[in-house]
Amino acid sequence: MPDVLWAVLLTSALPRDEYLSYFRLVVDAAYKSDLKMGILHSDGAKLTERQFDSLFAPLFADAGVLNALTPLLLFENLPDRQHWMRHLTLLDYEQALQSLAQAVARTLDHQSEASTDCRWLKLVFMMAAGMMQMPTELARPIIGFPRIGDMRSVRPSIRAAEIALSSMPDKEQNQWPAAFWKECWDKTDCVPAPQREPESGQAEGVARQLIELYALVGDHFFSVCETTDINPRLDAVFGMVLYGINLAMTLNHGTAHRRVEGRLAIRTLTEIVITLSFLLKRDNPNLWQKFRSHGSGQAKLTFLKMIDFESELPDYIDLDEIEMFANEDIWQEFTSIELGNWAGMDLRKMSEEAGLIDVYDKYYGWPSGYVHGQWGALRDTVFDLCLNPLHRYHRIPSLPKRLMGSVAIDALHLVNMLLDSLNMAYPSFKSRVKKPGPAKSEAPLDSDKEGSVEG
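For the sequence shown, our numbering begins at 615 and goes up steadily by one.
Dropping the structure here:
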């Protein structure tokens, strides 16, 4: 609202009935003087001294109003500054900045009461000047605002009409709004938001549960494994369950569950849950083999690419180990390299077929942004708001956020879903992670009884 800054200042300094009364007096003065411009700062410079003084005479008669308007003199680029200088005196620079900030804060939200009142001023001025006409039934509640009509419909109609009119192309580009914000930036400092500390959300006491559960799943593997033959189904089921538990163990150690890596891990956990459920839904031997072969092919592809960089391998790469993985089932010369998704469909379609679209929507979409470094993740992690309203609450770099909402409890929920799949594929496995709740006495670990793994 830079172009009606004088009105914005009054919304902060005066009671509502009082400043609306002054708005009406200014509009009435414009009507009587047959002025078709002037309430906007960008038009004020075009008025003669006599026209300007006649238009704003109701304001100049009140010392309190004049004091509220003194922040106008903070701006060297104010288009009608010369007119205002004849009536205002800036005595306290810092106090004027504070008053300005308070007023701007009230109108930054374009749906706020003060903002809507300023929009109404512009609208009713155009009606009084004959620049805008509308049917009586529509004009009456606007002229009688805010005492006539249902404000639930009148207020939105005022905003919509003013926005539509302001969006119409001007003959001349109005430079003042941009100049206003530039001067605010130059004259005031950023105010970083204080660090907010969300509730911990960490699953206290589950670390030992997860360690014990990992061992139980390993024991269950040996209880159902009957041969040393390659078994893609057995290995995939137990591999995904153990991998998921391992991720949950990482999240419940230290503060990883409240940092960026927590989002990365919860996305991976979600993909594992959906993939395993999809495989079990179809339960086709060829599909289990395809899942395994695709992984072997990726190991082969990585090996072939990395041997070209043998003298400058990334530190995380163990070339001998990757070569072993590529040759583990069959010689890599006979292993196909398949590009794209191993199942020929994206994860969302898998989740729909597996009946887990709700899991996909809850835990996959938003965390994916952190994996890919999308804007939402950047904004959440390394930017925060500047609390200076004169900077329009813009984003400024902050310390890396280390106190994000915890994913620890969500990880336990997903781990228990993996355990449900394990029990379906290779019954009977009844142990589950006990989510934190009111303190209870510890119970012994018992994998033969249905219930929770307590810790």
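Where is the CB? At the ideal position from N, CA and C, for every residue including glycine.
Just how far apart, CA to CA, sit residue i and residue j?
{"i": "Ser626", "j": "Pro1003", "result": "14 Å"}
{"i": "Glu776", "j": "Leu704", "result": "32 Å"}
{"i": "Asn941", "j": "Gln988", "result": "37 Å"}
{"i": "Leu722", "j": "Ser729", "result": "7 Å"}
{"i": "Val694", "j": "Ala774", "result": "Position check: residue 694 holds Asp in this sequence, whereas Val was assumed. Whole-angstrom Cα-Cα distance: 28 Å."}
{"i": "His697", "j": "Glu727", "result": "29 Å"}
{"i": "Phe1073", "j": "Ile944", "result": "Residue 1073 is absent from the structure shown; the chain starts at 615 and stops at 1069."}
{"i": "Ser1061", "j": "Asp1034", "result": "At Ser1061 the pLDDT is 42, less than 50, meaning the model places this residue with poor confidence; the figure from the coordinates comes in the next sentence. When rounded, the distance between both Cα atoms is 14 Å."}
{"i": "Arg733", "j": "Asp764", "result": "17 Å"}
{"i": "Gly652", "j": "Asp972", "result": "56 Å"}
{"i": "Arg822", "j": "Ser891", "result": "27 Å"}
{"i": "Asp706", "j": "Asp800", "result": "18 Å"}
{"i": "Leu680", "j": "Met699", "result": "11 Å"}
{"i": "Pro928", "j": "Trp790", "result": "54 Å"}
{"i": "Glu708", "j": "Thr802", "result": "10 Å"}
{"i": "Lys1048", "j": "Pro760", "result": "57 Å"}
{"i": "Leu634", "j": "Asp1024", "result": "52 Å"}
{"i": "Ile931", "j": "Asp960", "result": "28 Å"}
{"i": "Gly983", "j": "Arg962", "result": "16 Å"}
{"i": "Gly876", "j": "Glu840", "result": "37 Å"}
{"i": "Arg1046", "j": "Asp934", "result": "37 Å"}
{"i": "Gly758", "j": "Asn788", "result": "30 Å"}
{"i": "Arg906", "j": "Gly853", "result": "11 Å"}
{"i": "Asp575", "j": "Ile756", "result": "As shown, the chain starts at 615 and ends at 1069. That puts residue 575 outside it, with no answer to give."}
{"i": "Ser781", "j": "Glu966", "result": "44 Å"}
{"i": "Leu735", "j": "Lys796", "result": "25 Å"}
{"i": "Ser925", "j": "Lys1044", "result": "50 Å"}
{"i": "Leu953", "j": "Phe997", "result": "36 Å"}
{"i": "Leu624", "j": "Asn1030", "result": "59 Å"}
{"i": "Met748", "j": "Arg766", "result": "20 Å"}
{"i": "Arg1009", "j": "Arg810", "result": "16 Å"}
{"i": "Leu752", "j": "Thr662", "result": "34 Å"}
{"i": "Asp849", "j": "Gly958", "result": "21 Å"}
Please state if the CB of residue j and the CB of residue i are separated by a distance shorter than 8 Å.
{"i": "Ala710", "j": "Pro685", "result": "yes"}
{"i": "Arg865", "j": "Ala991", "result": "Reading off the sequence, residue 865 comes out as Leu, not Arg. No, these two residues do not count as a Cβ contact at 8 Å."}
{"i": "Lys919", "j": "Trp956", "result": "no"}
{"i": "Pro672", "j": "Tyr636", "result": "yes"}
{"i": "Ile936", "j": "Phe917", "result": "yes"}
{"i": "Leu883", "j": "Gly858", "result": "yes"}
{"i": "Val855", "j": "Val831", "result": "yes"}
{"i": "Arg872", "j": "Met1018", "result": "yes"}
{"i": "Leu1036", "j": "Val851", "result": "yes"}
{"i": "Cys798", "j": "His1005", "result": "yes"}
{"i": "Thr869", "j": "Arg1016", "result": "yes"}
{"i": "Val718", "j": "Val874", "result": "no"}
{"i": "His834", "j": "Tyr1040", "result": "yes"}
{"i": "Leu1013", "j": "Tyr1007", "result": "no"}
{"i": "Ala743", "j": "Lys650", "result": "yes"}
{"i": "Val618", "j": "Val738", "result": "no"}
{"i": "Arg881", "j": "Val985", "result": "yes"}
{"i": "Ala682", "j": "Leu628", "result": "yes"}
Using the DSSP secondary-structure output, state which residues sit across from residue i in a beta bridge.
{"i": "Arg1009", "result": "Leu999"}
{"i": "Pro806", "result": "Cys1000"}
Who are the near neighbours of residue i in its chain, counting only those whose CB is closer than 6 Å to its CB and skipping five residues on each side?
{"i": "Gln946", "result": "Lys914, Ala940"}
{"i": "Tyr828", "result": "Ile859"}
{"i": "Ser713", "result": "Pro685"}
{"i": "Leu970", "result": "Ile888, Ser891"}
Would you please state the rounded distance, in angstroms, between the beta carbons of residue i and residue j? I believe it to be under 8 Å.
{"i": "Leu824", "j": "Ala879", "result": "Their Cβ separation, rounded to whole angstroms, is 13 Å, which puts Leu824 and Ala879 out of contact at 8 Å."}
{"i": "Pro616", "j": "Phe794", "result": "4 Å"}
{"i": "Met740", "j": "Leu779", "result": "7 Å"}
{"i": "Ile886", "j": "Leu999", "result": "The pair is not a contact, with the Cβ atoms about 36 Å apart (cut-off 8 Å)."}
{"i": "Ile951", "j": "Gly911", "result": "4 Å"}
{"i": "Val1050", "j": "Gly678", "result": "The residue asked about is misnamed: residue 1050 is Pro in this sequence, not Val. The pair is not a contact, with the Cβ atoms about 58 Å apart (cut-off 8 Å)."}
{"i": "Leu580", "j": "Leu702", "result": "Because the chain spans 615 through 1069 in this model, residue 580 falls outside it and cannot be assessed."}
{"i": "Arg769", "j": "Ile762", "result": "Their Cβ separation, rounded to whole angstroms, is 12 Å, which puts Arg769 and Ile762 out of contact at 8 Å."}
{"i": "Leu1028", "j": "Tyr977", "result": "7 Å"}
Going along the chain, which residues of its own chain have a beta-carbon closer than 7 Å to the beta-carbon of residue i, five neighbours each way excluded?
{"i": "Leu639", "result": "Pro672"}
{"i": "Arg896", "result": "none"}
{"i": "Ile844", "result": "Asp943"}
{"i": "Thr995", "result": "Val874, Pro1014, Lys1015"}
{"i": "Ala968", "result": "Ile888, Ser891, Phe892, Lys895"}
{"i": "Glu786", "result": "none"}
{"i": "Trp620", "result": "Leu683, Leu686"}
Excluding the five sequence neighbours on either side, which residues of its own chain have a C-beta within less than 8 Å of the C-beta of residue i, listed in chain order?
{"i": "Pro899", "result": "Pro846, Arg847"}
{"i": "Ser647", "result": "Gln665, Ser668, Leu669"}
{"i": "Glu632", "result": "none"}
{"i": "Ala715", "result": "Thr802, Asn1002, Pro1003, Leu1004"}
{"i": "Glu690", "result": "Glu797"}
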